[in-house]
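In this text, residue positions in the sequence shown follow our numbering: the first is 24, and each later residue adds one.
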Amino acid sequence: MRVAIVTPVFPSDLDQPSRGAGIGAVTLARALLAEAPDLDLHIVHYRAEATLPERRLGSPAMTVHTHAASKAARAAPTPALIQAEVARVLRRIQPDVVHVRGTASLVDGRAWPAVLSVHGITEREVALSGMKGARLRSQLHRLREPPARARYRHVIAIVGHVTQALEGQLTGRVHFVPNSVGEEFFAAAGDRTGTAPLVVHAGDVCPIKNAAGTVRAMAVLRRRGVDCRLRILGQVTYPDYGRQVQALVEELGLQDRVELPGRIGRAEMPGELSRARVLALPSFIEVAPLSIAEASAVGVPSVASPAGGNAEMVVDRFAGRLCSPSSPESIADALQPYLEDEALATLHGRRAREIAQRHRPAAVARGTLAVYEAVRAGG
Numbered sequence: 024m025r026v027a028i029v030t031p032v033f034p035s036d037l038d039q040p041s042r043g044a045g046i047g048a049v050t051l052a053r054a055l056l057a058e059a060p061d062l063d064l065h066i067v068h069y070r071a072e073a074t075l076p077e078r079r080l081g082s083p084a085m086t087v088h089t090h091a092a093s094k095a096a097r098a099a100p101t102p103a104l105i106q107a108e109v110a111r112v113l114r115r116i117q118p119d120v121v122h123v124r125g126t127a128s129l130v131d132g133r134a135w136p137a138v139l140s141v142h143g144i145t146e147r148e149v150a151l152s153g154m155k156g157a158r159l160r161s162q163l164h165r166l167r168e169p170p171a172r173a174r175y176r177h178v179i180a181i182v183g184h185v186t187q188a189l190e191g192q193l194t195g196r197v198h199f200v201p202n203s204v205g206e207e208f209f210a211a212a213g214d215r216t217g218t219a220p221l222v223v224h225a226g227d228v229c230p231i232k233n234a235a236g237t238v239r240a241m242a243v244l245r246r247r248g249v250d251c252r253l254r255i256l257g258q259v260t261y262p263d264y265g266r267q268v269q270a271l272v273e274e275l276g277l278q279d280r281v282e283l284p285g286r287i288g289r290a291e292m293p294g295e296l297s298r299a300r301v302l303a304l305p306s307f308i309e310v311a312p313l314s315i316a317e318a319s320a321v322g323v324p325s326v327a328s329p330a331g332g333n334a335e336m337v338v339d340r341f342a343g344r345l346c347s348p349s350s351p352e353s354i355a356d357a358l359q360p361y362l363e364d365e366a367l368a369t370l371h372g373r374r375a376r377e378i379a380q381r382h383r384p385a386a387v388a389r390g391t392l393a394v395y396e397a398v399r400a401g402g
């Protein structure tokens, strides 16, 4: 079977993906090839910074096609130009299945044997991103995405929240297959006795992920006399916001409690999580954050907002805690029991790891391949 995965985010180095969408794409691609070594897998990275020659990467190898979008396609209110540019690549590949990750408007879902997997609600995320021209960009995505989603006969929902958030937009058959988490995270799980009261905030340093809310919660915990530290792990994707977070740490006098090491290499992330008592992710918008799944695989409970599918992944007061992202006191209330009670953190972390079994690469690959067969069958 020849499969083309079309994605707006894909790393140039398979071993150093930096953002969640790129990590997910690489993990899935490797899992598919491990489960089906004869798969002829092509990655179409559209909206790259520059167009590059076709490359063979990995072992077993995948073929990577890297293309920059034209200015006209990026600015057009309809997806016709985007789809024409992607279609030129797909016609060369002649895939049996086209798997579009995240951005529905990259491909005309009726023109190809295609499946869309929803990893974010782009128009909402852009509106709250803090990027330059966010309002206009969000309106552009609102014109493109909803009608494009409705044209797919098959859709992969990574959490149940997807069907609720996009009610009326998904007219095709919905398959439930979660994101995959690298086996290195499951391998990092072990005896958590003696872990320090360390909070890890993992995710891009941007307004949506709300690192500032976690910093403010640390100030609340200090006032309550809770001894703990925070490491904010993630790429600063919005420099102004990154400077605001750093200034907030200094303003609150938390320099001895909060570390901002920046982007952490993927090889280091399992170890970083294994040293933590709890993960914090009080985001304003989510669908199914990879950082929660990774922490769960390691055996670390998560404190998260109820945004998107977080409640499905965390399971409040069973394998983690939910909090209000707009209230530092609420975030602190959710973190404090884990920081003061190692046994509770261990119990909830163990339960989180049991839930995370559905994210194992082989299981996700098998589920995805079953969807590809359904696409091929025309069902």
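Think of the CB as a built atom: it goes at the ideal place given N, C-alpha and C, for glycine as much as any other residue.
Under 8 Å, do residue i and residue j count as touching if we go by C-beta distance?
i: residue 310; j: residue 331; result: yes
i: residue 118; j: residue 27; result: yes
i: residue 344; j: residue 357; result: yes
i: residue 224; j: residue 304; result: yes
i: residue 30; j: residue 124; result: yes
i: residue 290; j: residue 267; result: no
i: residue 354; j: residue 326; result: yes
i: residue 68; j: residue 89; result: yes
i: residue 382; j: residue 316; result: yes
i: residue 365; j: residue 243; result: no
i: residue 361; j: residue 399; result: no
i: residue 45; j: residue 202; result: no
i: residue 58; j: residue 385; result: yes
Spell out the partners DSSP gives residue i in its beta bridges.
i: residue 218; result: BP columns for residue 218 are empty, so no partner.
i: residue 137; result: 121
i: residue 63; result: 25
i: residue 227; result: Answer by DSSP bridge pairing: none, since residue 227 is not bridged.
i: residue 69; result: 90
Could you check how far apart the C-beta atoms of residue i and residue j are, in whole angstroms? I think they sit under 8 Å.
i: residue 319; j: residue 346; result: In fact, because the Cβ distance is near 17 Å, the residues do not count as touching under 8 Å.
i: residue 87; j: residue 109; result: At roughly 14 Å, the Cβ-Cβ gap does not stay under 8 Å, so residue 87 and residue 109 are not in contact.
i: residue 280; j: residue 253; result: 6 Å
i: residue 324; j: residue 375; result: 5 Å
i: residue 70; j: residue 92; result: 5 Å
i: residue 120; j: residue 185; result: Between residue 185 and residue 120 the Cβ distance is about 20 Å, and since that is not below 8 Å, they are no contact.
i: residue 387; j: residue 104; result: Their Cβ separation, rounded to whole angstroms, is 33 Å, which puts residue 387 and residue 104 out of contact at 8 Å.
i: residue 188; j: residue 144; result: 6 Å
i: residue 257; j: residue 226; result: 5 Å
i: residue 395; j: residue 24; result: 7 Å
i: residue 149; j: residue 164; result: 6 Å
i: residue 228; j: residue 264; result: 6 Å
i: residue 190; j: residue 127; result: So it is not a contact: roughly 15 Å between Cβ atoms.
Following the continuous beta strand (DSSP E) through residue i, name the residue where it begins and the one where it ends.
i: residue 284; result: 281 to 285
i: residue 89; result: 85 to 90
i: residue 198; result: 196 to 199
i: residue 235; result: It is not in any beta strand (DSSP E) - residue 235 instead sits in the alpha helix (DSSP H) that spans 234 to 246.
i: residue 309; result: Element bounds for residue 309: n/a, residue is neither H nor E.
For residue i and residue j, I'd like the C-alpha separation in whole angstroms.
i: residue 139; j: residue 65; result: 16 Å
i: residue 160; j: residue 313; result: 25 Å
i: residue 98; j: residue 288; result: 34 Å
i: residue 95; j: residue 390; result: 37 Å
i: residue 196; j: residue 34; result: 30 Å
i: residue 76; j: residue 115; result: 14 Å
i: residue 192; j: residue 200; result: 19 Å
Does the Cβ of residue i lie closer than 7 Å to at least one heavy atom of the ligand FMN?
i: residue 401; result: The model depicted lacks the ligand FMN and carries no ligand whatsoever.
From which residue to which residue does the alpha helix (DSSP H) around residue i run?
i: residue 253; result: Unbroken run through residue 253 is the beta strand (DSSP E), 252 to 256; no alpha helix (DSSP H).
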